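*Asks:* Input: one structure, supplied below.
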Amino acid sequence: MIAPTRWLLHLENHLPRARRGDDPEGVHQVRVAGRRLRVWLELGGYRVLHDDLRWLVRGAGKVRDLEALLTPRSGEVLLTPRSGEVTLPKSFAAWLAEKLRIAREELLLSLDSPRLAGLTRALHNLPPLPVPQARRRLERFERRVQKRQAAWQATRTLEDLHALRRALRRLRYAREYLEQEVEDLKALQEALGQLNDAVVALGYLDEFEAAGGRSAPGYRKSLEAQREAGLAVVGRRLDSGSRA
Amino acid sequence: MQLYLVRHAIAEDQAADGDDARPLSEAGVRRFRRVVRGLKRLGLRFSKLYHSPKLRAVQTADLLMGLVDGESEVTPALAEPPGPSLLELLGGFGEGDRVGVVGHEPWLSQLAAWLVLGERERAAALVFKKGGVAWLEGPPRPGGMRLLALLPPSVLRAI
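So the sequence lines, in the order shown, correspond to chains A and B. Counted the way the working numbering counts, the first sequence spans residues 176 to 419. Counted the way the working numbering counts, the second sequence spans residues 4 to 162.
Structure below.
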C-alpha cells in the first residue's frame, strides 16, 4: 500500500517555517510536498483536491521563485565569457523584493486559511493506495511524457519544454512512490531546473523593464547565456534519448 | 445563483480512524454513480464544487467531478453547523453561477432552511436522504433563496 503520510507530514512540518519566512527552505518544501501529494492523488485516480493543492503550490511557487532569484544558492553565480561574474542589479533587486513582500503576504493568507486546514484534514482521511492500482496509473505518466516530448521535438518552443519538464517531474515522483529507478529523470530534471531559473528570471526582468525599471543589459545577457547553455544541455540529453 | 446541496452517498457505519475517515460503502458508490448519471441527464454542470473534508464527502465529490467545469474546493465550513463563513463563501458568485455543495446532515438541512426560510431551526421541514440533492435559486443570504426541487436519490437514479 502507498500512503500519502510521508509527504503530508512533510507539508505540515514545513508550514511553520514557511509562515515565519526566515528560511527559504520552508516555502520550497511546502511546494515540493504539494506537488508530490498531487502525484499521489493522480496515482489513486482522484479528481478532487487537485485544485486545492494547485492553489497552495502556486502561492508557494511565486514566493519560491522570487526568493531563489534574490538569494542564489551558495556557489551559484551568473557567469558569461565576456563579462565574468554578474550580480543582480540593485534596482531590479529592490523591485523583486517588493514583489516578494506582496507574494509573501498573499501566501500567509493562504497558509492561515480554512481551505488549507480543510485540505490537510481531507488528505489525512484518504486511505492508502493499493500498489497494483498505482502501477496501472503509472502508464498514464509515461504516456504524458512521451506526448510532451514529441510536442517539444516538433516545435522546440520553451512552452512545450516547460510542459515536458512538468511531465518528467510528475513521472519521477510517481516512480518514487513505487520505489522505482529515477536517476535518469533526476539528472534531466536538474538540467531543466537550471534552464527554468534563467527563463523565470528573464520573465521578471521583462516585467521590470516594461514597468519602467532601468534596463540591465549585462545582467540580461548573462541570463540569456544561461538560458542558451541550458537549452543546449537539455536538447542534447533529450535528443540522445538519455531519459528513457 | 443556482445552488445544489448534495448529501454524501451511503457510507460505512464506522472506520478505525474515526468518523472523519468513514468511507462510502460499495453500494453507496454504485448507487451514487447512478445519481450522477441522472444529474448528467438533467444537463447539470457545476461552475464550482465545495465539499467537506470528511472522507465520505470527499469521495462523493470525487464522483461528481465529471460534472464540474470549474474548480473544486475543500472547506471545513461544511463539516460543522452552517455559519456566516459558509454564507461568505457562497456570496462571491454571480447570477449565472451553478454551485454545488457536498456535506452532511443535519447541517445541509439547516443550511437549506436558513437560506430558504430564514431560520436554521426549521430544518426538520426538509427530508434530505443520503445521495439526495436540493436545488435552490437566488442570492445566498438568510431567506433569500427559493427551493426549486428536493430530489431524493431514488428519483435521480430513475432518470
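Where is the CB? At the ideal position from N, CA and C, for every residue including glycine. This structure is a prediction, so every number in the text was calculated from the model and none was measured.
Give me the Cα-Cα distance between Pro109 (chain B) and Val32 (chain B), rounded to the nearest whole angstrom.
*Replies:* The straight-line gap from Cα to Cα measures roughly 21 angstroms.
*Asks:* Between the C-alpha atoms of Glu280 (chain A) and Tyr379 (chain A), what's the straight-line distance to the nearest angstrom?
*Replies:* About 19 angstroms.
*Asks:* Going by DSSP, what residues sit across from Ala152 (chain B) in a beta bridge?
*Replies:* In the DSSP output, where bridge partners are listed per residue, Ala152 (chain B) has B:Trp138.
*Asks:* Between which two residues does the alpha helix (DSSP H) containing His225 (chain A) stretch?
*Replies:* That run of the alpha helix (DSSP H) goes His225 to Leu245.
*Asks:* Who pairs with Leu27 (chain B) in a beta bridge, going by DSSP?
*Replies:* Beta-bridge pairing links Leu27 (chain B) to B:Ala14.
*Asks:* Check the Cβ of Pro26 (chain B) against every Cβ in chain A and list those closer than 8 angstroms, keeping chain order.
*Replies:* Those are Pro302, listed as they occur along chain A.
*Asks:* Check Phe49 (chain B) in the structure and name its three-state DSSP category.
*Replies:* Note: Phe49 (chain B) maps to strand in three-state DSSP.
*Asks:* Check for me: the beta strand (DSSP E) holding Arg395 (chain A) runs from which residue to which?
*Replies:* No beta strand (DSSP E) holds Arg395 (chain A); the alpha helix (DSSP H) holding it covers Pro392 to Asp414.
*Asks:* Between Ala82 (chain B) and chain A, is any beta-carbon pair separated by less than 9 angstroms?
*Replies:* By this cut-off, Ala82 (chain B) is an interface position.
*Asks:* I'd like to know whether the C-beta of Lys57 (chain B) is nearer than 9 angstroms to at least one C-beta of chain A.
*Replies:* Chain A, which has a Cβ nearer than 9 angstroms to the Cβ of Lys57 (chain B), makes this yes.
*Asks:* Using the beta-carbon of each residue, which ones in chain A are nearer than 8 angstroms to Asp23 (chain B)?
*Replies:* Near Asp23 (chain B) (Cβ distances below 8 angstroms), the residues of chain A are Arg296, His299 and Asn300.
*Asks:* Since Val105 (chain B) and Leu150 (chain B) are thought to touch, with beta carbons under 8 angstroms apart, how far apart are those beta carbons, to the nearest angstrom?
*Replies:* Their Cβ separation, rounded to whole angstroms, is 18 angstroms, which puts Val105 (chain B) and Leu150 (chain B) out of contact at 8 angstroms.
*Asks:* Taking Cβ to Cβ, would you say Ala30 (chain B) is nearer than 9 angstroms to Leu58 (chain B)?
*Replies:* Result no, Cβ atoms of Ala30 (chain B) and Leu58 (chain B) do not sit closer than 9 angstroms.
*Asks:* List the residues of chain B that Leu218 (chain A) touches, going by C-beta distances under 7 angstroms, in chain order.
*Replies:* Within chain B, no residue comes near Leu218 (chain A); the closest Cβ sits about 14 angstroms away, beyond 7 angstroms.
*Asks:* Cutting at 8 angstroms between CB atoms, please list the residues of its own chain near Thr295 (chain A), excluding the five before and the five after it.
*Replies:* Once the five neighbours on either side are set aside, the close Cβ partners of Thr295 (chain A) are Leu183, Leu186 and Glu187.
*Asks:* Taking 9 angstroms as the cut-off, decide whether the C-beta atoms of Leu343 (chain A) and Gln364 (chain A) are in contact.
*Replies:* Cβ distance < 9 angstroms, so Leu343 (chain A) and Gln364 (chain A) count as in contact.
*Asks:* Is it a yes or a no for the segment 233 to 242 of chain A touching the segment 193 to 203 of chain A, going by three-plus beta-carbon pairs under 8 angstroms?
*Replies:* In short, these stretches touch, since the Cβ pair count reaches three.
*Asks:* Taking 9 angstroms as the threshold (C-beta atoms), are Asp335 (chain A) and Ser323 (chain A) in contact?
*Replies:* The residue you asked about is not Ser; residue 323 (chain A) is Arg in the sequence shown. Closer than 9 angstroms, so yes.
*Asks:* Report yes if the CB atom of Gln113 (chain B) is closer than 9 angstroms to the CB atom of Pro142 (chain B), and no otherwise.
*Replies:* No, Cβ-Cβ distance for Gln113 (chain B) and Pro142 (chain B) is not below 9 angstroms.
*Asks:* Could you give the DSSP three-state label for Gly196 (chain A): helix, strand or coil?
*Replies:* Residue state, collapsed to three classes: coil.
*Asks:* Listing by chain order, which chain B residues have their CB less than 8 angstroms from the CB of Leu224 (chain A)?
*Replies:* Correct list: Val61, Ser75 and Val77.
*Asks:* Three or more C-beta pairs closer than 8 angstroms, one from the segment 389 to 400 of chain A and one from the segment 56 to 71 of chain B: is that the case here?
*Replies:* They do not touch, by the three-pair rule.
*Asks:* Does the segment 351 to 366 of chain A come close enough to the segment 308 to 315 of chain A to have 3 or more Cβ pairs within less than 8 angstroms?
*Replies:* Because the criterion of three Cβ pairs below 8 angstroms is met, the segment 351 to 366 of chain A and the segment 308 to 315 of chain A touch.
*Asks:* Could you tell me the alpha carbon to alpha carbon distance between Trp327 (chain A) and Leu339 (chain A), rounded to whole angstroms?
*Replies:* Taking the straight line from one Cα to the other gives about 7 angstroms.
*Asks:* On the CB-based measure, 16 or more other CB atoms within 10 Å of its CB, does Ile13 (chain B) come out buried or exposed?
*Replies:* By the neighbour-count rule (16 or more Cβ atoms within 10 Å), Ile13 (chain B) is buried.
*Asks:* CA-CA distance, Gly97 (chain B) and Met176 (chain A)?
*Replies:* Gly97 (chain B) and Met176 (chain A): Cα-Cα distance of roughly 44 angstroms.
*Asks:* Is it the case that the CB of Leu186 (chain A) approaches a heavy atom of the ligand MN more closely than 8 angstroms?
*Replies:* Among the components of this structure there are no ligands whatsoever, and the ligand MN is therefore not found.
*Asks:* Just the Cα atoms here: how many angstroms apart are Pro289 (chain A) and Thr330 (chain A)?
*Replies:* The alpha-carbon atoms of Pro289 (chain A) and Thr330 (chain A) are separated by roughly 43 angstroms.
*Asks:* Taking 9 angstroms as the CB-CB limit, is Met68 (chain B) close to chain A?
*Replies:* Yes - at least one Cβ of chain A is within 9 angstroms of the one on Met68 (chain B).
*Asks:* So, is the C-beta of Tyr221 (chain A) closer than 9 angstroms to a C-beta in chain B?
*Replies:* At least one chain B Cβ lies under 9 angstroms of Tyr221 (chain A).
*Asks:* At a Cβ threshold of 9 angstroms, is Ser88 (chain B) touching chain A?
*Replies:* So yes, Ser88 (chain B) belongs to the interface.
*Asks:* What did DSSP end up calling Ser288 (chain A) once you bin it into helix, strand or coil?
*Replies:* In the structure shown, Ser288 (chain A) sits in coil (DSSP, three-state: anything other than H, G, I, E or B).
*Asks:* Residues in its own chain within less than 6 angstroms of Leu245 (chain A) by CB, not counting five upstream and five downstream?
*Replies:* Excluding residues within five positions, the ones whose Cβ falls inside 6 angstroms are Leu271.
*Asks:* Determine the chain B residues that contact Ala292 (chain A) at a beta-carbon separation under 7 angstroms, and present them in chain order.
*Replies:* Correct list: Pro79.
*Asks:* Nearest CA to the CA of Phe383 (chain A): which residue from A:Pro264, A:Val357 and A:Glu314?
*Replies:* The candidate whose alpha carbon is nearest that of Phe383 (chain A) is A:Pro264.
*Asks:* For the structure I just gave you, are there three or more beta carbon pairs, one from the segment 76 to 93 of chain B and one from the segment 221 to 228 of chain A, closer than 8 angstroms?
*Replies:* The segment 76 to 93 of chain B, when compared against the segment 221 to 228 of chain A, does touch it at the 8 angstroms Cβ threshold.
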